[in-house]
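S.K.:
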Amino acid sequence: MIRQIYPPEAYDSQGCLKLPVVLLVCILYAVRHLLIVFLAYNPIPVLSGAVAFLQPLAKPWFVAADLPALLVLLAWWQRRPEARDFWRRTWRSGRALLTTSLLLQFVLLVHAQGLQLWESYYLTQGERLAIVTLVVNLLLVYYLWRSPRVGDTFADFPAATKASS
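Residue numbers for the sequence shown follow our numbering, so the first one is 265 and each next one is one higher.
#1: Can you have a look at Pro271 and say buried or exposed, based on whether 16 or more other CB atoms are within 10 angstroms of its CB?
#2: For a test of the three-state rule: what should DSSP assign to Leu368, helix, strand or coil?
#3: Give me whichever residues DSSP pairs with Tyr275 in a beta bridge.
#4: Enumerate in chain order the residues of its own chain whose CB-to-CB distance from Leu404 is below 6 Å, with the five nearest sequence positions on each side excluded.
#5: Please determine, among Tyr305, Arg353, Val286 and Pro324, the residue with the shortest C-alpha to C-alpha distance to Asp445.
#6: Quick check: what's the CA-CA separation for Trp434 versus Ala333?
#7: With DSSP run on the structure shown, which of helix, strand or coil describes Glu391?
#8: Can you name the start and end residues of the alpha helix (DSSP H) that Phe326 belongs to?
#9: Do you know how far the Cα of Leu281 is from the Cα of Leu362?
#10: Look at the alpha carbon of Trp325 and the alpha carbon of Glu346, and state the distance between them as a whole number of angstroms.
#11: Between the alpha carbons of Asp276 and Leu283, how many angstroms are there, rounded?
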């Protein structure tokens, strides 16, 4: 159930709340390792050669941590009246699934680089990037749970048509 009334431009043609831009960025950020795998191992020679530097970032455990967020992305694409119940339940659990992905990524990054970060007097560029990534993950988790609009967006799904019930 939606807790607030939003302006008309906040709703799509089906009467559901549109994704706020920050939430869309959060979803895309949470599936970034899958995007890196797609770009780094793309069979198109021109594209794969240009982004070959991304291959070390495509660690399998980070890709696995993106899977709950991938479900949210897929549920967003399925967000229409004829969607199956699985996508409706997935969308309603979107906040928890995104949080799971972001916290798994956080834990894996701390595990992979944690000791290096705490023992260094001078941080390399990669270590600074790791710290920024950790902070961004925590800020996005905070946003997911503190924004009433996010909760309302995940509670809103187009009404089912009689054929999809």
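Just so you know, even glycine gets a beta-carbon here, dropped at the ideal spot from N, CA and C.
M.R.: On the basis of the supplied data:
#1: exposed
#2: helix
#3: Leu281
#4: Cys290 and Leu366
#5: This structure does not reach residue 445, given that the chain is present from 265 up to 429, and the question cannot be answered.
#6: This structure gives no information on residue 434, because the portion of the chain shown stretches from 265 to 429.
#7: Glu391 sits in a helix when the DSSP states are folded into three classes.
#8: First-last of the alpha helix (DSSP H) with Phe326: Pro324 to Ala329.
#9: 18 Å
#10: 34 Å
#11: 9 Å
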